[in-house]
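Just below is one structure, and these are the notes that go with it.
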Amino acid sequence: MVDLTAPATEEEIAVLRRLGLEPTAARTAVLRQGIVTVAAWKGGVGKTELAKELAWLLNAVMVDLDWDAGGASRKWGYNHETRLNAPLLDAFENNRIPKPLQGGEWRADLVPSHPDLEKNQPSPDQVSAALEKWRSSWERSVLADTHPGGTDVGYGAMSASHVIVVPTPLGINELEALEAMVKELRGYPLLIVPNQNLYKVPSDKMFDRLGRIAEQYSVPLGPPITFCRWLPERTRRMAVAASEPVPARFQEYAEQVTLVARTVVELIAKQMGEEG
């Protein structure tokens, strides 16, 4: 059981300070029991890159629910072909609490995915209950990265989440997918993050449509992420924001993802306060 009354640890204070936040009981509680999911109905929108950064910034355990080879586990450096077991599948199948792989100072701790998850998905209720159980055991916040589209594991992660971060490039197809998603998930705690990495200069028409979608479905807009020419070709496994110091060309991106993480903490802290 997480002790929410215990004072913030030095590590928790350091996490909040790197987000530009003063330690409070509500914010510390977010780091101990928050659940965040990064999801999108369309692939190729920058979901996994953002998930990697947010997990590190929040000092969360990343649970990778995306079975594709281009997901967070492979980018983290985990190759399932060289392993004898599949910790995520084992945890779901045998009701066990997985032991996260340690990411060290430069990347989030990880519960890696496996390609067999696609055909062996537990029910949404099982996923939701598992994430809540794991979070309580780890006494850490959890960030789930999901496969694009509406999947059983994705719905389960979103059901357990305090905030669902939805990165959205400002293009016609991407906004069509966004509108379908927010229409289906009315009542879920969504946060749209405009992600301009695919479109260097989005048109005013696309900005206007994004605003109408957010207003119509009462979904908040988070801090935007602007175009980064270098990001799609980056091969380093550490989080960009973990660089010390952050190189000049990475500075703007690091500041932007930090703002997103700060927004997530504040939204969850407010939500927990209202529930309390």
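With the sequence shown counted from 1, adding 127 to any position gets you this note's numbering.
Idealized CB from N, CA, C, for every residue including glycine.
None of these values were measured; they are calculated from a predicted model.
Exercise for the section: List the endpoints of the continuous alpha helix (DSSP H) containing Val-280. Expected result: One-based indexing of the sequence shown puts residue 280 at position 153. Here the alpha helix (DSSP H) through Val-280 covers 279-287.
Exercise for the section: Tell me where the alpha helix (DSSP H) around Thr-155 begins and ends. Expected result: Locating residue 155 in the sequence shown gives position 28, where the first residue counts as 1. Run containing Thr-155: 152-160, per the alpha helix (DSSP H) assignment.
Exercise for the section: Mind checking which residues open and close the beta strand (DSSP E) that includes Val-142? Expected result: For the purposes of this step, residue 142 is taken as residue 15 along the sequence shown, with counting starting at 1. Segment 137-145 is the alpha helix (DSSP H) holding Val-142; no beta strand (DSSP E) there.
Practice task
May I have the straight-line CA-CA distance separating Asp-335 from Pro-329, to the nearest angstrom?
Solution key: Along the sequence shown, one-based indexing puts residue 335 at 208. Along the sequence shown, one-based indexing puts residue 329 at 202. Approximately 10 angstroms, taken between the alpha carbons.
Problem - Completely contained beta strand (DSSP E) runs for the stretch 255-324, where each covers 3 or more residues - result: 269-273, 290-295, 317-321
Practice task
Could you please give me the residues that DSSP links to Val-172 through a beta bridge?
Solution key: Residue mapping note: residue 172 aligns to position 45 of the sequence shown, counting from 1. Note: Val-172 sits in no beta bridge, so no partner.
Handout entry: Beta-carbon proximity check, Pro-294 vs Val-320, cutoff 8 angstroms
Key = The sequence position of residue 294 within the sequence shown is 167, counting from 1. The sequence position of residue 320 within the sequence shown is 193, counting from 1. Taking 8 angstroms as the Cβ cut-off, Pro-294 and Val-320 qualify as a contacting pair.
Practice task
Apply the 10 Å Cβ neighbour rule to Glu-176 and answer buried if 16 or more other Cβ atoms are within range, or exposed otherwise.
Solution key: Against the sequence shown, residue 176 aligns to sequence position 49. By the neighbour-count rule (16 or more Cβ atoms within 10 Å), Glu-176 is buried.
Handout entry: Coil, strand or helix - Trp-333 by DSSP
Key = What you label residue 333 is simply residue 206 of the sequence shown in a count that begins at 1. In the sequence on display, residue 333 carries Met and not Trp. Reduced to three states, the DSSP call for Met-333 is helix.
Practice task
Count the C-beta pairs between the stretch 235-249 and the stretch 218-227 that are closer than 8 angstroms, then say yes if the count reaches three, no if not.
Solution key: yes
Handout entry: Leu-358 vs Met-333 beta-carbon contact at 8 angstroms
Key = Translated into positions along the sequence shown, residue 358 becomes position 231. Translated into positions along the sequence shown, residue 333 becomes position 206. Their beta carbons are not under 8 angstroms apart, which means Leu-358 does not touch Met-333 by this criterion.
Problem - the stretch 358-370 contacting the stretch 379-389, beta-carbon criterion three pairs below 8 angstroms - result: yes
Exercise for the section: Inspect the beta-carbon positions of Ala-235 and Trp-183 and report whether they are closer than 8 angstroms. Expected result: Stepping through the sequence shown from its first residue, residue 235 is reached at position 108. Stepping through the sequence shown from its first residue, residue 183 is reached at position 56. It is a contact, given that the beta carbons lie within the stated cut-off.
Exercise for the section: Determine the contact status of Glu-149 and Leu-158, defining contact as a CB-CB distance below 8 angstroms. Expected result: In the sequence shown, residue 149 corresponds to position 22, counting from 1. In the sequence shown, residue 158 corresponds to position 31, counting from 1. Between Glu-149 and Leu-158, the C-beta gap is not smaller than 8 angstroms, which leaves the two residues out of contact.
Exercise for the section: Determine the closest residue to Lys-226 out of Arg-376, Trp-261, His-241, Val-346, with distance taken between C-alpha atoms. Expected result: Within the sequence shown, residue 226 is the residue found at index 99, counting from 1. The residue with the shortest Cα to Cα distance from Lys-226 is Trp-261.
Exercise for the section: Please state if the CB of Gly-349 and the CB of Thr-385 are separated by a distance shorter than 8 angstroms. Expected result: Looking up residue 385 in the sequence shown gives position 258. Looking up residue 349 in the sequence shown gives position 222. No, the Cβ-Cβ distance between Thr-385 and Gly-349 is not below 8 angstroms.
Exercise for the section: Using 10 angstroms around the beta-carbon of Ser-240, count the other beta-carbons present and answer buried if the total reaches 16, otherwise exposed. Expected result: The residue labelled residue 240 in the question sits at position 113 within the sequence shown. It counts as buried.
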